[in-house]
Amino acid sequence: MGRAGTGTGGEAVAAVVAGSLLLLLLLARPPPASARDSGKSEVGLVSEHFSQAPQKLSFYSWYGSARLFRFRVPPDTVLLRWLLQVSREGGTACTDAEITVHFRSGAPPVINPLGTSFPDDTSVQPSFQVRVPLSAALLSNASVNVSHPAPGDWFVAAHLPPSSQKMELKGLAPTCAYVFQPDLLVTRVVEISIMEPDVPLPHTLLSHPSYLKVFVPDYTRELLLELRDCVSSGSLGCPVRLTVGPVTLPSNFQKVLTCTSAPWPCRLLLPSPPWDRWLQVTAESLVGPLGTVTFSAVAALTACRPQSVTIRPLLQSSQNQSFNASTGLPSLSPDHQDLGRSGRVDRSPFCLTNYPVMREDTDVVSVHFQLLDRVSVRVCQNTPSMMRLRLNTGMDSGGSLTISLRANKTEMRNETVIVACVNAASPFLGFNSSLNCTTAFFQGYPLSLSAWSRRANLIIPYPETDNWYLSLQLMCPENAEECEQAVVHVETTLYLVPCLNDCGPYGQCLLLRRHSYLYAGCSCKAGWRGWSCTDNSTAQTVAQQRAAALLLTLSNLMFLAPITVSVQRFFLVEASVYAYTMFFSTFYHACDQPGEAVLCILNYDTLQYCDFLGSGAAIWVTILCMARLKAVLKYLDRRGIWNMLGPCLFAFVIMASMWTYRCGHRRQCYPTSWQRWTFYLLPGISMASVGVAIYTSMMTSDNYYYTHSIWHVLLAGSAALLLPPPDEHTEPWTCSQKFPCHYQICKNDREELYTVT
4 MGRAGTGTGG
14 EAVAAVVAGS
24 LLLLLLLARP
34 PPASARDSGK
44 SEVGLVSEHF
54 SQAPQKLSFY
64 SWYGSARLFR
74 FRVPPDTVLL
84 RWLLQVSREG
94 GTACTDAEIT
104 VHFRSGAPPV
114 INPLGTSFPD
124 DTSVQPSFQV
134 RVPLSAALLS
144 NASVNVSHPA
154 PGDWFVAAHL
164 PPSSQKMELK
174 GLAPTCAYVF
184 QPDLLVTRVV
194 EISIMEPDVP
204 LPHTLLSHPS
214 YLKVFVPDYT
224 RELLLELRDC
234 VSSGSLGCPV
244 RLTVGPVTLP
254 SNFQKVLTCT
264 SAPWPCRLLL
274 PSPPWDRWLQ
284 VTAESLVGPL
294 GTVTFSAVAA
304 LTACRPQSVT
314 IRPLLQSSQN
324 QSFNASTGLP
334 SLSPDHQDLG
344 RSGRVDRSPF
354 CLTNYPVMRE
364 DTDVVSVHFQ
374 LLDRVSVRVC
384 QNTPSMMRLR
394 LNTGMDSGGS
404 LTISLRANKT
414 EMRNETVIVA
424 CVNAASPFLG
434 FNSSLNCTTA
444 FFQGYPLSLS
454 AWSRRANLII
464 PYPETDNWYL
474 SLQLMCPENA
484 EECEQAVVHV
494 ETTLYLVPCL
504 NDCGPYGQCL
514 LLRRHSYLYA
524 GCSCKAGWRG
534 WSCTDNSTAQ
544 TVAQQRAAAL
554 LLTLSNLMFL
564 APITVSVQRF
574 FLVEASVYAY
584 TMFFSTFYHA
594 CDQPGEAVLC
604 ILNYDTLQYC
614 DFLGSGAAIW
624 VTILCMARLK
634 AVLKYLDRRG
644 IWNMLGPCLF
654 AFVIMASMWT
664 YRCGHRRQCY
674 PTSWQRWTFY
684 LLPGISMASV
694 GVAIYTSMMT
704 SDNYYYTHSI
714 WHVLLAGSAA
724 LLLPPPDEHT
734 EPWTCSQKFP
744 CHYQICKNDR
754 EELYTVT
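Taking this note's numbering, the leading residue of the sequence shown gets 4, the next gets one more, and so forth.
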């Protein structure tokens, strides 16, 4: 049965739009005259507004229940202000609700409102969320501020609390529309200073912050920020606070350096900063509104000297060049790498070995990464081995990144361990000093291989839009000398898939869309739950699935009773309708099973439509047969309450009219026999009432197999009891003519319809 739908929500949408416009005007209004005249608080800042159409929220049952919004944050943004508006339409019948809103940069938030378990080897960070209550007021709002946000895609997901198990008939339950709309107000800086590597940048701080940025090229090993020649007019020392890097949700590795009490010169060392992007630096004075601070900012880059693994077929055409498959362009030899203007190249042995990786797009949100010209990665102790996985197209964050490593059995010794890190933006290269996989602004995912565990797997749902890096290195914790000559080959399996294992045997992988953005989610069945339908805490056993299928299908055999009664009393149309209902209800419920006990003879939608049509038609013809009418007009609407209630009420009015007419015409109650009332009508009405009560108010997802089977029994039993007795002057199966033509066997009751008077 279909769940209760929601209304149009037109008034709620209008209220949300009007409220958000009003609040945005208040938030975006210019500063007071004093601030404008001083020219200090708003220098070099501009505001921009982004909005999307409101969406009606749903009670949460799986990820598709959440409403997803995607916003594009421009570069050099210093402040995001989210305005969250929720409205309700439906009157007093609607209950209070608490809306949960999740935020994440780079990819949709990974949420788990049901508290289910994730698949093994899955790494998930709790999402950043806020709750917006909606009680007596019809409109509620909240705001969330994010300073120094990361540029690029930001995602907002909103949903109502978990849905109840009660099945409500569409049109019978109260219609409530909860409408949600997020608006985004962006404050962006347009006056920003560029820091050249190793070139001091003189700067004077007033009361308002100053903004600087430095470009970090590929293969940067370290970034050193330093303040020199600091002079303050209002205090001693260097009262400056530096905020480096962007804010990302749910995690935040933004660095803050306060130089007031720091040893001179004031420095901040960032290992493995994000490659190939601008890094924002915000400087704030700590001396008060009237003081000034002057200093020189210096950014020093230490470039990494990579060793690139070349591709053999290309060596024949060019001996001095190797092919960098991660970029698709020829790259110079390591000794001629240009790694940034004025950047210091580490002339020590190579800092990493770069293995070219080919990206193969196989389908929507489906990518296969494989090494070029080889099947394994050579891992040793001296330098990390690195692979770059390009997931920066903007359409790769809606799937699951799966990484599988397998070490060669014969090469692994008892004392050797292979440590691997998976990071976004830049690789982890500090295996000799730390094993926490933490880069400048990202906490990586660690993996390890040993002689006792030669396999390691990692699953990252909804990976951030960025370049991802897999780095590996051989370690000997007990005796480092044992690893000097050791080499282990590691096979890698790298995929981006929409759903892990296609959601398994008890789930369906569905591709969802928000405008042009595509993402995937698992819809589970048979009591299985979880991100990939692997949580079996409430799962049904195979025996329970078979028992449910047998209950829902075999209970339809009760229709044999009204079919037999109809045939005996010469109600051939009614018998045909009951037979139709029994057939399609049986095979629809055989196809509607969520587990292994399933049988579909036709398309599911076709069987469902025929089942709903037969149920309404069975009630229709039963009531009209009780009215003793010959011609029937039928119109059925699929699913909702009116697919039965409309025709049934109309037929009931006809039956009541005919019974009232016969009562007046005969001057006695109709039907006249008390036995008919006692043994047929009252029991049939009671069974029908109980069936309707169960159908409309007692069905849940857990007891559906039992309650719906009882509905079959009560519906068929009431039909058998409510059918009227045959006409006294008509003998069953009597024919007025004996084969007068090929198509007319019995008396034609429709001849009078064509009589012209």
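Even glycine gets a Cβ: it sits at the ideal position worked out from N, Cα and C.
Predicted model, so just to flag it, every value in this text is computed and none were measured.
For residue i: DSSP bridge partner residues
i, result
"V149", "L83"
"I462", "T125 and T405"
"N426", "Y472"
"L260", "L245"
"W281", "F218"
"A160", "L71 and H105"
"L513", "G524"
"D186", "S54 and L86"
"I197", "K216"
"H211", "The partner list for H211 (beta bridge, DSSP) is empty, contrary to what the question assumes."
"Q310", "T356"
For residue j and residue i, the rounded distance between their alpha carbons
i, j, result
"D505", "A523", "10 Å"
"G617", "P501", "39 Å"
"W677", "V693", "23 Å"
"A529", "S700", "22 Å"
"V49", "P212", "15 Å"
"A100", "C179", "11 Å"
"E225", "L271", "10 Å"
"A723", "G687", "8 Å"
"T251", "S108", "6 Å"
"N357", "S407", "19 Å"
"E487", "Q384", "6 Å"
"E199", "V301", "8 Å"
"S235", "A459", "55 Å"
"R84", "P242", "29 Å"
"L141", "A654", "40 Å"
"S704", "G507", "21 Å"
"Y708", "A542", "15 Å"
"F682", "A719", "16 Å"
"C527", "A551", "17 Å"
Reference residue i, options the options, closest by Cα
i, options, result
"A423", "L432, M415, N417 and R416", "L432"
"S588", "E577, F574, V570 and C613", "C613"
"S535", "V576, Q257, T556 and D124", "D124"
"P164", "T103, C666, S196 and L208", "T103"
"M561", "T251, S721 and Y708", "S721"
"S90", "C354, I114, L450 and V135", "V135"
"A306", "V219, P268 and G291", "V219"
"M398", "L515, L260, Q373 and Y222", "L515"
"E418", "V296, E363 and E485", "E485"
"P729", "E577, M361 and C594", "E577"
"L227", "L304, L404 and V284", "L304"
"A621", "Q671, H715 and T675", "H715"
"T223", "V290, P292, L355 and V420", "L355"
"V367", "V182, L245 and S519", "S519"
Cβ neighbours of residue i in the same chain (closer than 8 Å, five flanking residues each side left out)
i, result
"N470", "W278, D279, R391, L392, R393, L394, N395, A427 and A428"
"I713", "S558, G694 and I697"
Beta-carbon proximity list for residue i, same chain, < 7 Å, skipping 5 on both sides
i, result
"G13", "Its pLDDT being 48, under 50, G13 is placed unreliably in this model, and the coordinates cannot settle the point."
"P112", "H105, F106, S130, F158 and A160"
"T441", "G447"
"F62", "S68, L163, P164, P165 and S166"
For residue i, the three-state DSSP class (helix, strand or coil)
i, result
"D614", "helix"
"P78", "coil"
"V580", "helix"
"P727", "coil"
"M390", "strand"
"L627", "helix"
"H371", "strand"
"K43", "Unreliable placement is indicated for K43, whose pLDDT of 39 sits below 50; no coordinate value is reported for it."
"Y664", "helix"
"S2", "Only positions 4 to 760 of the chain appear in this structure, which leaves residue 2 out of reach."
Distance cut-off 7 Å: residue i Cβ against heavy atoms of the ligand FMN
i, result
"P116", "As far as ligands go, the structure on display features none, and thus does not contain the ligand FMN."
Residues near residue i in its chain [Cβ-Cβ closer than 6 Å; skip 5 each side]
i, result
"W281", "K216 and F218"
"T67", "The question names Thr, but residue 67 in the sequence shown is Gly. So the list reads L515 and G524, once near-sequence residues are dropped."
"T496", "S407"
Min CB distance residue i to chain B below 8 Å
i, result
"L375", "Chain labels in this structure do not include chain B; a single protein chain is all it has."
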